[in-house]
Amino acid sequence: MRLDKFICDCSDLTRSQAGKVIRQGEVKVDGEVIKQPAFHIDEQSLIEFDGIELTLCQRQRYFMLHKPEGYVCSNDDPDHPTVFFLMDEPSMGKLHVVGRLDLDTTGLVLITDDGQWSHRITSPRHECAKTYHVWLADPIAPGTTEQFAQGILLRSEKEKTRPARLEILGECEARLTIHEGKYHQVKRMFAAVGNKVVGLHREQIGALRLDDDLAPGEYRELTADEIAVF
1 MRLDKFICDC SDLTRSQAGK VIRQGEVKVD GEVIKQPAFH IDEQSLIEFD
51 GIELTLCQRQ RYFMLHKPEG YVCSNDDPDH PTVFFLMDEP SMGKLHVVGR
101 LDLDTTGLVL ITDDGQWSHR ITSPRHECAK TYHVWLADPI APGTTEQFAQ
151 GILLRSEKEK TRPARLEILG ECEARLTIHE GKYHQVKRMF AAVGNKVVGL
201 HREQIGALRL DDDLAPGEYR ELTADEIAVF
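Here the sequence shown stands for residues 1 to 230, numbered as in full-length UniProt numbering.
Next comes the structure, spelled out in structure tokens:
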């Protein structure tokens, strides 16, 4: 393993910060100061940083990110930048997105390396609510709120969607809360009633709302209380 990666994995330092402290001579390998971030170590190596012996930690990480338009929610994509381009964290390859958003959809994205926590949010049987701000091409037809509350039969589906709550905000604007995560579900629900989504922004997952202080492209760690809501 590279020395800078080891420092990242067992501390709160980013890769660039780890490289800096190594080049400054603050890290020793088997008692010798090593100033090359790419220096390779093995399992038997004794690593010291600022006089303290380091061991790999297993602290799990949880983030909320304000996704801008034009980014994909995957770890790698050949055609578009991923949301991980917006982050600077150690061991980025261990992180994954909890419930993806489309390329043109903005808003709340959760990111973690805790698979069990992620499963509690995304598993259909937990029926975790997701709330979206929706902008539409045409005025919302009378009766749409009642249709969504009763469930919508989407194209190529055999069963209706679960009851959803639609709050009308304007002639072509609404807030929709769903309890499942079918492929392109919000867009397909409105298409099924003869309308088209032209703007989509996820505001909330479960009891966790997108932080108003996060600008598009910004992220922060979740607090212990926020992690515990799922």
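Beta carbons are placed, not taken as given, at the ideal position from N, Cα and C, and that holds for glycine. Note that the structure is predicted; figures quoted are calculated from it, not measured.
Opposite residue i in the DSSP bridges: which residues?
i	result
Thr177	Thr131 and Arg165
Leu110	Met64 and Val98
Ile47	Val29
Leu136	Val197
Arg120	Per DSSP, none; premise fails for Arg120.
Arg2	His40
Arg155	Answer is none; Arg155 lacks a bridge partner.
Would DSSP call residue i helix, strand or coil?
i	result
Gln185	helix
Gln204	strand
Gly93	helix
Gly19	helix
Glu53	strand
Gly115	helix
Glu171	coil
Arg125	helix
Glu218	coil
Which term fits residue i, buried or exposed, when burial requires 16 or more other beta carbons within 10 angstroms of its beta carbon?
i	result
Thr105	buried
Glu89	buried
Ser118	buried
Leu101	buried
Gly19	buried
Thr131	buried
Considering only C-alpha positions, which residue in the set the options is nearest to residue i?
i	options	result
Arg120	Arg175, Leu176 and Ile205	Ile205
Pro163	Met189, Tyr183, Arg23 and Glu69	Met189
residue 236	Phe63, Val33 and Arg100	In the structure displayed, the chain extends from 1 to 230; residue 236 sits before or after that span and is not available.
Val97	Pro78, Arg125, Tyr132 and Lys67	Lys67
His201	Ser156, Ala207 and Lys187	Lys187
Gln147	Asp213, Ser156, Tyr132 and Leu166	Leu166
Glu226	Glu218, Pro216 and Ala207	Ala207
Any chance the CB of residue i is under 8 Å from a heavy atom of the ligand FMN?
i	result
Leu103	No copy of the ligand FMN appears in this structure; indeed no ligand is present at all.
Continuous beta strand (DSSP E) assignments of at least 3 residues falling wholly in the segment 57-84:
62-67, all fully within the segment 57-84.
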